[in-house]
Amino acid sequence: MREDRRTLVAVVIIAASLGWSSCRRPPDRVREEQPREGARPGGQVIVASLADVTTFNEYQSTGELGEAETIDLLFPLLMTEQPDYQLHPPSFAPRLATSWEFSSDNHTLTFHLRPDARWSDGVPVTAEDVRFTFLAQKDPRVGSLGMEMKDFIKDVEVVDPHTVRFNFTRVYPYQLMDANDGHIVPAHAWGKVPFDKWRATDFEKIVVTAGPFRLAAHTPQQTIILERDPGYWGSPRPYLDRLVLRVVPEMASQLAQLIAGEVNVVQAVSPQEADRVKANRDLNLVEFPSRMWGMVGWNNRRPMFADRRVRRALSLGINRKSLVDTVFRGHAELGSGPVLSTMWAHNENLPQIPYDPAQAAQLLAQAGWRDIDGDGILERDGKPFAFDLFYPASNTLRRQMALLIQADLARLGVRVRPVQMEFTSLIARTEAGDFDATIWVWVDATKVDLTSVWSTPSPSQGSNNFIGYSNPDVDRLNAAAREEPDYTRAKVLLDRIQELIVADQPATFLYEARLLVATSRQLRGADINAAGLFFNVDEWYWGS
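Heads up: the sequence shown begins at 2 in this note's numbering, then just goes up one per residue.
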């Protein structure tokens, strides 16, 4: 989950996203069915993945990036979002929907579906699948992440087998995006499972897909083999016969296998290895600003982190610039807040938190943390300021960060215990709120809605606010920004929200990453960008 032709282009794209005119867009990118010159249909690409998928049902998923990208290869979206979000809400190209239009009052959005779309078992993809997907997304028994993106969609009605209508309760800038959010799933197969059974159901046993690839085999913790679906209805159809996702939990091992020719794509090359990849004539390195940013998430529910003076002191006590320069070696930018600097909604006037140990010590003392017994560790109410800092065991970069943070905060009298955890265990602990602090990475959605991560968690809605941050002013402004139909006025609200969050420092904003992707040099046609690794996987082919 975040171009400077600012005025005219922004207005045109925003008008389209608001539905101010009928929208029957042609595809932004279509490949003719004849193979491009030099392309050889067939073969397979092996992609290294840090973790296995836990489910093929998006509405059971925790939203982990690799899992989300795999699901995107198997299930259709109504539209394909374009990577043009830097100065305006993103535009869209057809996918399952060939065209769409808003009603005159913008409260109704009608999609026209491809009549030739089929599920992998041969059953047609219809408007009933779209309606069924919406019901699953909205049902609290399913409890899917991102439920709030459907808050303003009153209902979805089937007009005919290839026409579906979304009815909104209000007009706002993200109507197209909210309607498009979430992959369409098969009503005829998954509708047999009651929604109250979804959380405990293994959908791999009944997986029915409608993407360019279909599931051929899955060996847990080893490989996922996807094969080209011969009945795929989209255009273009993939050149590749197979796409193999191989679980390689160590970044160093991934690169070693790439160099040895055992895998063909490594999704995240360590900055320390960038020069080595560039020097290898058999490899290609792609670098671009990602939508990924990192933070130290303080568990705001813990007494030691409940005081915002303490959280600000911890941020002041971490030499973030040195950390970013040391760990990323020029392949990341210093973070400043909860919206990426490459997003149109970023508040450019946010202050950077400096490295200021003296001010940090003053704030800690004001909050009652002092070294009473002279052992070098701060105390309050007889308890030392000591905590565990979790990070994923497979990620060497975050291990480096943890050690640097440990050293910086030790100078303030704060004892940090870096703890590496297996990734799925780390997710479980954070979701349960059973942690002190964690080095966490977000991949921002291109929809700028800060509700899920930064509004007070609600037991009745899905939430990504695992750190337990709560500020009534932020809650109120988030609600107002989501309902504001004018995107320029929403930007004013979003700027203020960012200011409040940065003032509260519920997390220490560390960095915005540039993504380094390495591929075998003979892999051609790959347009790898911030929209995703597999943005144009249908055009990948092997050259000579």
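From the three backbone atoms N, C-alpha and C, an ideal C-beta is built for every residue, glycine too.
Collapsed DSSP secondary structure at M293 in the structure displayed: Position 292 of the sequence shown holds residue 293. Looking at M293 - three-state DSSP - the assignment turns out to be strand.
For S50, the three-state DSSP class (helix, strand or coil): As a position in the sequence shown, residue 50 is number 49, starting the count at 1. Strand at S50.
Helix, strand or coil: which one does DSSP assign to H113? As a first step, residue 113 must be located in the sequence shown, where it is residue number 112. Residue state, collapsed to three classes: strand.
So, does the CB of F196 fall closer than 9 Å to a CB anywhere in chain D? Note that chain D does not occur in the displayed structure, where there is just one protein chain.
How about S337 and Q353: do their beta carbons lie closer than 9 Å? Within the sequence shown, the letter at position 336 stands for residue 337. Within the sequence shown, the letter at position 352 stands for residue 353. In this structure, Q353 lies closer than 9 Å to S337 by Cβ.
Can you check which of these residues, P290, F289 and G262, is closest to R282 by C-alpha distance? Working through the sequence shown from its first residue, we reach residue 282 at position 281. Looking at the Cα atoms, G262 is the closest of the given residues.
Does the region 313-320 come into contact with the region 501-511, if we say contact requires no fewer than three beta-carbon pairs (one atom in each stretch) closer than 8 Å? yes
Hey, would you say A531 sits closer than 9 Å to P84, going by beta carbons? Translated into the one-based positions of the sequence shown, residue 531 becomes position 530. Translated into the one-based positions of the sequence shown, residue 84 becomes position 83. The answer is yes: Cβ separation under 9 Å.
Go to Y512, then tell me how far its beta strand (DSSP E) extends in each direction, as first and last residue. Position 511 of the sequence shown, counted from the start, is the residue given in the question as residue 512. Taken as a continuous stretch (DSSP letters only), the beta strand (DSSP E) holding Y512 covers A508 to S521.
Could you have a look at S323 and say whether DSSP puts it in helix, strand or coil? Looking up residue 323 in the sequence shown gives position 322. Of the three classes helix, strand and coil, the one that applies to S323 here is helix, per DSSP.
Considering only their Cβ atoms, is the gap separating A514 from W294 smaller than 9 Å? For this step, residue 294 is matched to residue 293 along the sequence shown. For this step, residue 514 is matched to residue 513 along the sequence shown. Taking 9 Å as the Cβ cut-off, W294 and A514 qualify as a contacting pair.
Got a sec, what are the start and stop residues for the beta strand (DSSP E) F135 sits in? Locating residue 135 in the sequence shown gives position 134, counting from the first residue. That residue, F135, is in no beta strand (DSSP E); its alpha helix (DSSP H) goes A128 to K139.
For D179, collect the residues of the same chain with a Cβ closer than 6 Å to its Cβ; drop the 5 residues on either side in sequence, then sort them by chain order. Within the sequence shown, numbered from 1, the residue matching residue 179 stands at position 178. Excluding positions up to five away in sequence, the list reads M150.
Rounded distance between the beta-carbons of G526 and A40, thought under 8 Å: Sequence index remark: in the sequence shown, residue 40 carries index 39 (1-based). Sequence index remark: in the sequence shown, residue 526 carries index 525 (1-based). Confirmed, Cβ separation roughly 7 Å.
In the DSSP assignment, find the unbroken beta strand (DSSP E) run with T164 in it and report its ends. For the purposes of this step, residue 164 is taken as residue 163 along the sequence shown, with counting starting at 1. Per DSSP, T164 belongs to the beta strand (DSSP E) from T164 to F169.
What did DSSP end up calling F196 once you bin it into helix, strand or coil? Residue mapping note: residue 196 aligns to position 195 of the sequence shown, counting from 1. In the structure shown, F196 sits in a helix (DSSP, three-state: H, G or I).
Limits of the unbroken beta strand (DSSP E) element including D161: Locating residue 161 in the sequence shown gives position 160, counting from the first residue. Note, D161: beta strand (DSSP E), I154 to D161.
Does W370 come out as helix, strand or coil in the three-state DSSP assignment? Along the sequence shown, one-based indexing puts residue 370 at 369. In this structure, W370 counts as coil in the three-state DSSP scheme.
So is R483 buried or exposed if we call it buried at 16+ other beta carbons inside 10 Å? Mapped onto the sequence shown, residue 483 falls at position 482. It counts as buried.
Quick one: complete beta strand (DSSP E) runs, 3+ long, within the region 363-427? 387-393 and 416-422
Suppose you measure from the CA of G147 to the CA of S464; what does that come to, to the nearest Å? For this step, residue 147 is matched to residue 146 along the sequence shown. For this step, residue 464 is matched to residue 463 along the sequence shown. For G147 and S464, the distance between alpha carbons rounds to 7 Å.
In the DSSP assignment, find the unbroken beta strand (DSSP E) run with R229 in it and report its ends. On the sequence shown, position 228 is the one that residue 229 refers to. From DSSP, the beta strand (DSSP E) with R229 extends over T224 to R229.
According to the neighbour-count rule (16 or more other Cβ atoms, all chains shown, within 10 Å of its Cβ), is R302 buried or exposed? To locate residue 302, count along the sequence shown from 1; it is residue 301. Per the 10 Å Cβ criterion, exposed.
What does the Cβ neighbour count give for N350, buried or exposed, with the cut at 16 atoms within 10 Å? Taking the sequence shown and counting its residues from 1, one reaches residue 350 at position 349. Label assigned to N350: exposed.
With distance defined between alpha-carbon atoms, name the residue in D476, L405 and Q222 nearest to G318. Start at 1 with the first residue of the sequence shown, and residue 318 comes out as number 317. Of the listed residues, the one whose Cα sits closest to G318 is L405.
My understanding is that V270 touches A519, with C-beta atoms under 8 Å, so please give their C-beta distance in whole angstroms. On the sequence shown, residue 270 is found 269 positions in, with the first residue counted as 1. On the sequence shown, residue 519 is found 518 positions in, with the first residue counted as 1. V270 to A519, Cβ: 5 Å. Contact.
The alpha helix (DSSP H) that contains H189, what's its start and end? Counting from one through the sequence shown, the residue named residue 189 turns up at place 188. Unbroken alpha helix (DSSP H) run through H189: A188 to W191.
From the DSSP output, in three-state form, read off G544 for me. Position 543 of the sequence shown holds residue 544. The answer is coil: DSSP assigns G544 none of H, G, I, E or B.
S453 in three-state terms, based on DSSP: The sequence position of residue 453 within the sequence shown is 452, counting from 1. Three-state result, S453: helix.
Exposed or buried, N297, counting other C-beta atoms within 10 Å across all chains shown (16 or more means buried)? For the purposes of this step, residue 297 is taken as residue 296 along the sequence shown, with counting starting at 1. Rather than Asn, the amino acid found at residue 297 in this sequence is Val. Buried.
Exposed unless 16 or more other CB atoms sit within 10 angstroms - verdict on A333: Here residue 333 refers to the residue found at position 332 of the sequence shown. Burial call: buried.
Alpha carbons only, please: which of H89, P187, N168 and E485 is nearest the one belonging to R119? Mapped onto the sequence shown, residue 119 falls at position 118. That would be P187, whose Cα lies nearest to the Cα of R119.
Near G67, what residues of its chain come up, given a Cβ to Cβ distance below 8 Å and the 5 sequence neighbours on each side ignored? Here residue 67 corresponds to residue number 66 of the sequence shown, with the count starting at 1. If we look at G67 and ignore the five residues flanking it on each side, its Cβ neighbours are S50, L51, A52, V54, L246 and Q268.
Relative to the C-alpha of T1, which candidate in F112, L451 and Q273 has its C-alpha closest? What the structure shows of the chain is the stretch from 2 to 545, and residue 1 is not part of that stretch, so it cannot be assessed.
In terms of residues, what are the limits of the alpha helix (DSSP H) holding V278? Counted from its first residue, the sequence shown places residue 278 at position 277. A275 to A280 is the span of the alpha helix (DSSP H), which, as asked, contains V278.
For G232 versus D73, is the C-beta distance shorter than 9 Å? The sequence position of residue 232 within the sequence shown is 231, counting from 1. The sequence position of residue 73 within the sequence shown is 72, counting from 1. No, these two residues do not count as a Cβ contact at 9 Å.
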